[in-house]
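Asker:
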Amino acid sequence: KNWRAVRRMSLMKNELEKILGCPTCPQLTTLLLQKNHKLVNISGEFFRFMPNLVVLDLSWNSSLTGLPKKISELVSLRYLDLSYTNIERLPVGLQELKQLIHLNLESMKSLESIAGVSKLLSLKTLRLQKSKKALDVNSAKELQLLEHIEVLTIDIFSSLVLEHLLCSQRLAKSIQYVELIEVEEESFKILTFPSMCNIRRIGIWKCGMKEIKVEMRTSSCFSSLSKVVIGQCDGLKELTWLLFAPNLTYLDARFAEQLEDIISEEKAASVTDENASIIIPFQKLECLSLSDLPKLKSIYWSPLSFPRLSELAVQEHCPKLKKLPLNSKSGTAGVELVVKYGEN
């Protein structure tokens, strides 16, 4: 094969075990190497003569545990996907990729460090969700140095790390997906979200806060939020902050022993402006799933139209929820509404 003339190459799903050699590829812009599950080694020489490579996809190579330092030779690289690999450390040479704008490190179960990421001065997208590396304060400070960051996905296990991320307006605005996991410090009583207009998904698991609040009480502060999953947060009594997520399509709340209301009438009155128009929640909601909420009494205090709702599941152990806030217009936007109620 004349590598000199190749512009795009896909070697995905080829059962490759090693990539050796030193091909000269002056025209190559895209190289797809994902899903070679036996791949254990890529020689440094392999990348030496690919000066125009823009896209490199190494995702789903589960046997790959490292990258050569000579990845630094890829001076034109803008997109690098290492997700679902078992790479333990990012190569020092990665810091030399000054043109890199997209770095995907999601679901890297062996990743020990993201040191050096702050040197990627052009980086706009950084995906860290479900990687082994638990973000510490030093890593959070490093992320604050990314001046052009626009998209960040991340898991958080510490209230201090969360504070460092949310106090940076640039980082808070860039977060597209966040999962809070086992944030249970004694000092973590109230979770206060700043305006996060780009966030799409929030997951909160086994956290100890007693209240979730928003700083800016406007309908636009969570304008992109579409999915919320909350589980095993036994201190929460209500989720009234969801009033400020007008485009929410999916809500799942489970195993929250103290949760009494999804939207509390009393709390809603205190957090909305008297002079503002009434916020009607759940106008875009498609799926609502509730289970193991022994104190839940109310979803909303009066009937709602739920025009797009297609599935409402009130499953096990919600004995105090006697009424569903549906009206004659619920689920009428061209979709069939399926209601599942009770343990069966």
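Residue numbers (the working numbering): 2 to 345.
By construction, the Cβ of each residue, glycine as well, lies at the ideal position given by its N, Cα and C atoms.
So, helix, strand or coil for E16, using DSSP?
Answerer: Looking at E16 - three-state DSSP - the assignment turns out to be coil, as it is neither helix nor strand.
Asker: Measuring CB to CB, does A141 end up less than 8 Å from F158?
Answerer: For A141 and F158, no; Cβs fall outside 8 Å.
Asker: Within 10 Å of its beta-carbon, does T154 have 16 or more other beta-carbons around it, so buried, or fewer, so exposed?
Answerer: T154 is buried by the Cβ-count criterion.
Asker: Alpha carbon to alpha carbon, what distance is there between P320 and N345?
Answerer: Because the pLDDT of N345 is 46, which lies under 50, any placement of that residue in the model is unreliable, and the number read from its coordinates should be weighed accordingly. If I take the Cα positions, the gap works out to 14 Å.
Asker: Just the C-alpha distance for E83 and K99, rounded to the nearest angstrom, thanks.
Answerer: The sequence given here places Leu at residue 83; Glu does not occur at that position. About 17 Å.
Asker: Of the choices I88, Q316, E287 and V162, whose alpha-carbon is the least far from that of S331?
Answerer: The option with the nearest alpha carbon to S331 is E287.
Asker: Under three-state DSSP, which class holds S123?
Answerer: Reduced to three states, the DSSP call for S123 is coil.
Asker: Just to confirm the assignment, what range does the beta strand (DSSP E) spanning L167 have?
Answerer: It is not in any beta strand (DSSP E) - L167 instead sits in the alpha helix (DSSP H) that spans S160 to L167.
Asker: How would you call R309, buried or exposed, if buried means at least 16 neighbouring beta carbons within 10 angstroms?
Answerer: With 16 or more other Cβ atoms within 10 Å, it is buried.
Asker: Would a C-beta distance cut-off of 8 Å place E113 and R79 closer than the cut-off?
Answerer: Not a contact, by the Cβ cut-off of 8 Å.
Asker: Assuming L313 and K285 form a contact by the criterion Cβ under 8 Å, report the distance between their Cβ atoms to the nearest whole angstrom.
Answerer: Not really, about 14 Å apart at Cβ, beyond 8 Å.
Asker: When DSSP builds the beta bridges, which residues end up paired with G94?
Answerer: In the DSSP output, where bridge partners are listed per residue, G94 has none listed.
Asker: How long is the line joining the alpha carbons of K190 and K211, rounded to whole angstroms?
Answerer: Their backbone Cα atoms lie some 5 Å apart in a straight line.
Asker: Return the bridge partner residues of D156 from the DSSP annotation.
Answerer: In the DSSP output, where bridge partners are listed per residue, D156 has E180.
Asker: DSSP three-state label for E89, please.
Answerer: Note: E89 maps to coil in three-state DSSP.
Asker: Return helix, strand or coil for Y342, following the three-state DSSP convention.
Answerer: In this structure, Y342 counts as strand in the three-state DSSP scheme.
Asker: For M10, which residues does DSSP report across the bridge?
Answerer: Note: M10 sits in a beta bridge opposite L32.
Asker: Do N199 and Q177 have their C-beta atoms closer together than 8 Å?
Answerer: Result yes, Cβ atoms of N199 and Q177 sit closer than 8 Å.
Asker: Under three-state DSSP, which class holds A116?
Answerer: Note: A116 maps to coil in three-state DSSP.
Asker: Within the region 25-81, note down every full beta strand (DSSP E) run reaching 3 residues or more, in order along the chain.
Answerer: 31-33 and 56-58, all fully within the region 25-81.
Asker: Which of the three DSSP states, helix, strand or coil, is assigned to E212?
Answerer: Note: E212 maps to strand in three-state DSSP.
Asker: Tell me whether E143 sits in a helix, a strand or coil according to DSSP, three-state version.
Answerer: Helix at E143.
Asker: Could you give the residue range of the beta strand (DSSP E) that holds Q271?
Answerer: The sequence given here has Ser at residue 271, not Gln. Not the beta strand (DSSP E): S271 falls in the alpha helix (DSSP H), residues E266 to V272.
Asker: Only counting the same chain, and skipping five residues up and downstream in sequence, which positions put a Cβ closer than 6 Å to that of Q316?
Answerer: Excluding sequence neighbours, Q316 sits near S292.
Asker: With distances taken Cα to Cα, identify the nearest neighbour of Q96 among T86, L147 and L12.
Answerer: Comparing Cα-Cα distances from Q96 to each of T86, L147 and L12, the minimum goes to L147.
Asker: Which residues in the same chain as S63 place their Cβ atom closer than 8 Å to its Cβ, once the five residues preceding and following it in sequence are excluded?
Answerer: Excluding sequence neighbours, S63 sits near H38, Y85, T86 and N87.
Asker: Please classify V93 as buried or exposed, where buried requires at least 16 other C-beta atoms within 10 Å of its C-beta.
Answerer: That one is exposed.
Asker: Give every residue of the same chain whose Cβ lies closer than 8 Å to the Cβ of K133, excluding the five residues on either side of it in the sequence, and list them in chain order.
Answerer: Around K133: M109, K110, S111, L112 and E113.
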